[in-house]
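Just below is one structure, and these are the notes that go with it.
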Amino acid sequence: MTDDTLGFYEGMAEEYHLLFANWPQVVERQGAMLDALLRRCGAPPPRRVLDCACGIGTQALGLAGRGYSVHATDLSPAAVARAEREARVMGVQLTTGVADMRALGTQVAGTFPVVVALDNAVTHLLTDADLDAAARAMASKLAPGGLVALSVRDAETLVERQPRFTSERLLEAPEGRRILFQIWDWAADGRTYTVHQFILRPEGKGWQATEHTGVYRALQRVELEQALTRAGLVDTRWYSPEETGFHQPILTARRA
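If you use the UniProt record's numbering, the sequence shown corresponds to residues 1 to 256, in order.
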């Protein structure tokens, strides 16, 4: 993980909702999907959940609205502050904190029946050392028998295709019209890629553009499974988007 990761999410904190036509509906929809998965895995509400990559709260708020007791943490203080604000707006209860997913053992108190890090968050861990540190930290926050759930992009397909221009959309939304697109710059070895997220909005007779840059690892499924296994977790299982309705594959594992 690089310093750019913090800057990426600090910069995105006030604009992240603009990536969706209706972000509150996405919060509700993803909360329903994840609730169904957690119930399927034997972890229904009011179980305590640690969302250790909460961002502005897209999954944490959805789960809290469905009766889970959620502690939401993130590397970005600005994102955590936004999640707190949105919780008040939506009328749901969250506890929050600023924490690095590699250091949960010292930065987050207690253990939880469920730990989640969704929306490709773990792929900011660019080295095996960082990935192992995060896996061990998440495992340390699991109660006996507890469940971890991580979602990532389909890296195997991405490495094969190495897209350069992606996610282009024109949204008509209550916050106004906007154009979204991403430019991806791939490293020569195909192991990492830099994403430039552009948001264009009308301003006067022209358009205003903002750009946010983050670096990701093309993390293979087997690499993520092996990291959780090295952290002492068992019963790894992948759930496809077709099974869950979530937009990325989800890997679960348990503490023995």
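The C-beta atom is built at its ideal place from N, Cα and C for all residues, glycine as well.
Hey, out of Leu38, Gly55 and Thr5, whose CA is closest to Arg48's CA? The option with the nearest alpha carbon to Arg48 is Leu38.
Starting from Val116, follow its DSSP beta bridges and name the residues at the other end. Asp51 and Ala149
Would you check if the distance between the CB atom of Glu15 and the CB atom of Ile199 is smaller than 8 Å? yes
Run through DSSP, which three-state label would Gly97 get? Three-state result, Gly97: strand.
For the segment 87–94 and the segment 106–124, state whether three or more C-beta atom pairs, one from each stretch, are separated by less than 8 Å. no
If I follow the unbroken alpha helix (DSSP H) through Phe8, where does it start and stop? First-last of the alpha helix (DSSP H) with Phe8: Asp3 to Met12.
Is it the case that the segment 55–63 contacts the segment 125–134, given that we only count it when at least three CB pairs across the two stretches are under 8 Å? Counting Cβ pairs under 8 Å, fewer than three are found: no touch.
Which term fits Val70, buried or exposed, when burial requires 16 or more other beta carbons within 10 angstroms of its beta carbon? Looking at its Cβ environment, which holds 16 or more other Cβ atoms inside 10 Å, Val70 is buried.
Flag this pair as yes or no: are the beta carbons of Ala135 and Arg230 separated by less than 8 Å? yes
Closest by CA to Asn120, which one among Ala253, Arg255, Pro249 and Ala256? Answer by Cα proximity: Pro249.
Asp35 by DSSP, collapsed to three states: which one? helix
Taking C-beta to C-beta, are His212 and Gly11 nearer than 8 Å? Yes, the Cβ-Cβ distance between His212 and Gly11 is below 8 Å.
For Leu50, count neighbouring Cβ atoms within 10 angstroms of its own Cβ and tell me buried if that reaches 16, exposed if not. buried
Taking the straight line between their C-alpha atoms, what separation do you get for Thr236 and Ala72? 24 Å
Within its chain, find whatever has a CB closer than 7 Å to the CB of Glu86; leave out the 5 residues flanking it on each side and keep chain order. Ile56, Gly57 and Leu61
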